[in-house]
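Novice: Take a look at the following structure, please.
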Amino acid sequence: MSVIVIITFIGLTYLGFSYYRLPIEQRFFHPQHNILKPSGIIGHGMGIVGTLLMIIGVFGYMIRKRKRSLSRVGVLKYWLEFHIFLCTLGPILVLFHTAFKFGGIVAISFWSMVAVVISGVIGRFIYNQIPRSIQGRELSLSEVRSIQQDVTRELDSVGEELSNEILQKIKGNSTDEIKGNSISDILRDYFRDQATYSSIKQSLGVKTIDSVDARHILKLVKYELQLQRKIKRLQQMQKLFRSWHVVHLPFALIMLVIMVIHVIITLTFGYRWIF
20 MSVIVIITFI GLTYLGFSYY RLPIEQRFFH PQHNILKPSG IIGHGMGIVG
70 TLLMIIGVFG YMIRKRKRSL SRVGVLKYWL EFHIFLCTLG PILVLFHTAF
120 KFGGIVAISF WSMVAVVISG VIGRFIYNQI PRSIQGRELS LSEVRSIQQD
170 VTRELDSVGE ELSNEILQKI KGNSTDEIKG NSISDILRDY FRDQATYSSI
220 KQSLGVKTID SVDARHILKL VKYELQLQRK IKRLQQMQKL FRSWHVVHLP
270 FALIMLVIMV IHVIITLTFG YRWIF
C-alpha cells in the first residue's frame, strides 16, 4: 500500500510540477491552470476523493474497533493498515487539491491534517512496540513472556554448544537497564539489538551450519531480541499509547469539523465538480 502512496505522490508532482512551482499571481497564465486549480476538474476531484478517503479511513476503523458485532469482519490489524493507507493517501490528494495555497479557516483544517498525519506516524511506531496477537489484540506481559520462553526453548534445540553461545550473547543484551524513554533511548536499544544480531550472524557464518538452519536460527534470534525490547518497555509504551490518543483525536476532530464547514461553504457558493 505504501507503494501506491509513493507512486501517487510522484505522479501528481510530475503532472503539475511546472504549475505548482509558480507564484500564485502567475498561475492564471499556465496552460494547466483550469484543471489543476482547487476548483478545476482535477484539483476539485482530488479534494473530493481525498476527503472521502479520510472519512472512510477514520470512521471505518473507528466503527470496526468499537462495534463488537463486527469483531469477525476482518482482522483488526489489517483494518488499522487500511486506515493508515487511506489516511495517508487522502491528505496527499487534499494537499494537491489546495495547489499548495491555503489560508483562513481552511489553513486550520490543513495544519490539523498535517498534525494528524505526523501524530499518526508516531502512533504507528508506538503501536508496533506493543506486542499483539495475529488478530491485533494487545498481549499481556505473561503472554509475551510465555512466547519468549517458547522461542528460547527452540533456540535450545539447535545444539548445546551453539545454543549456549547464542543465548549468552542474548542474555548479555537483555541485562541492560532502561535509562530513558525518549526517541534517542529507544533508537539506542534498537541499534544495540542490531549489533547483537550482527555478532550472532557473524558467528554462524564461520561455523559449518546448513544455510536453511542458519536462517531459521537468525529468525529466532531476531524475534527473541524484539520480544526482549518490547518486554522492557511494555508498560511505558502502553501508557504512552494512551496519552497519544489525547493528542491525535482532537486534531482529527478539528480537521473533520472544518472540512465539513469547508464543503458546506463550497456547495453554498455553487461550486460543483462533474455533477
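Note that my numbering has the sequence shown beginning at 20, numbered continuously upward. The C-beta atom is built at its ideal place from N, Cα and C for all residues, glycine as well.
#1: Alpha helix (DSSP H) containing residue 38: first to last residue?
#2: Please say whether residue 55 and residue 62 have beta carbons closer to each other than 7 Å?
#3: DSSP three-state label for residue 46, please.
#4: Buried or exposed: which applies to residue 234, given that a residue is buried once 16 or more other Cβ atoms fall within 10 Å of its Cβ?
#5: Are the Cβ atoms of residue 57 and residue 102 separated by less than 7 Å?
#6: Which of helix, strand or coil does DSSP assign to residue 164?
#7: Indicate whether the contact test is met: 3 or more Cβ pairs, each with one atom in the region 278-288 and one in the region 46-53, closer than 8 Å.
#8: Please list the segments of the alpha helix (DSSP H) lying wholly inside the region 232-292, counting only runs of 4 or more residues, in order along the chain.
#9: My understanding is that residue 138 touches residue 274, with C-beta atoms under 8 Å, so please give their C-beta distance in whole angstroms.
#10: Check residue 91 in the structure and name its three-state DSSP category.
#11: Hey, residue 270 and residue 135: beta-carbon distance below 7 Å or not?
#12: For a cutoff of 7 Å on Cβ pairs, would you count residue 39 as touching chain D?
#13: So, at 8 Å on beta carbons, what are the nonlocal neighbours of residue 292 in its own chain, with the 5 sequence-adjacent residues on each side left out?
#14: Would you please state the rounded distance, in angstroms, between the beta carbons of residue 143 and residue 96? I believe it to be under 8 Å.
#15: Skipping 5 residues on each side, what residues in its chain have a beta carbon closer than 8 Å to that of residue 260?
#16: First and last residue of the alpha helix (DSSP H) that includes residue 79?
#17: Taking buried to mean at least 16 other C-beta atoms within 10 Å of its own C-beta, is residue 256 buried or exposed?
Specialist: In brief:
#1: The residue given as residue 38 occupies position 19 in the sequence shown. Boundaries of the alpha helix (DSSP H) harbouring residue 38: 21-39, taken from the DSSP string.
#2: Your numbering for residue 62 matches position 43 in the sequence shown. Your numbering for residue 55 matches position 36 in the sequence shown. Between residue 62 and residue 55, the CB-CB gap stays under 7 Å.
#3: Position 27 of the sequence shown, counted from the first residue, corresponds to residue 46. Reduced to three states, the DSSP call for residue 46 is helix.
#4: As a working note, residue 234 is residue 215 in the sequence shown. In the assembly as shown, residue 234 is an exposed residue. Its beta-carbon has fewer than 16 other beta-carbons within 10 Å.
#5: The count along the sequence shown starts at 1 and reaches residue 57 at position 38. The count along the sequence shown starts at 1 and reaches residue 102 at position 83. Cβ distance not < 7 Å, so residue 57 and residue 102 don't count as in contact.
#6: In the sequence shown, the residue the question calls residue 164 occupies position 145. Correct three-state label for residue 164: helix.
#7: The region 278-288 makes no contact with the region 46-53, as fewer than three CB pairs between them are under 8 Å.
#8: Counting whole runs of 4 or more residues, the region 232-292 contains the alpha helix (DSSP H) stretches 253-287.
#9: Numbered from 1 along the sequence shown, position 119 holds the residue referred to as residue 138. Numbered from 1 along the sequence shown, position 255 holds the residue referred to as residue 274. Beta-carbon to beta-carbon, residue 138 and residue 274 are separated by about 11 Å, too far to satisfy the 8 Å threshold.
#10: Counted from its first residue, the sequence shown places residue 91 at position 72. It is coil, neither helix nor strand.
#11: Residue numbering aside, residue 270 sits at position 251 when the sequence shown is read from its first letter. Residue numbering aside, residue 135 sits at position 116 when the sequence shown is read from its first letter. Yes, the Cβ-Cβ distance between residue 270 and residue 135 is below 7 Å.
#12: The structure shown contains no chain D, having only a single protein chain.
#13: On the sequence shown, position 273 is the one that residue 292 refers to. These residues qualify, in order along the chain: 60, 63, 64, 67.
#14: One-based indexing of the sequence shown puts residue 143 at position 124. One-based indexing of the sequence shown puts residue 96 at position 77. Wrong, their Cβ atoms sit about 11 Å apart, outside the cutoff.
#15: Translated into the one-based positions of the sequence shown, residue 260 becomes position 241. Contacts found: 142, 145, 146, 149.
#16: Reading the sequence shown from its first residue, position 60 is the one you call residue 79. It spans 60-85 - the alpha helix (DSSP H) in which residue 79 sits, taken as one unbroken run.
#17: In the sequence shown, counting from the first residue as 1, residue 256 sits at position 237. A buried status is given to residue 256, since no fewer than 16 other beta-carbon atoms sit within 10 Å of its beta-carbon.
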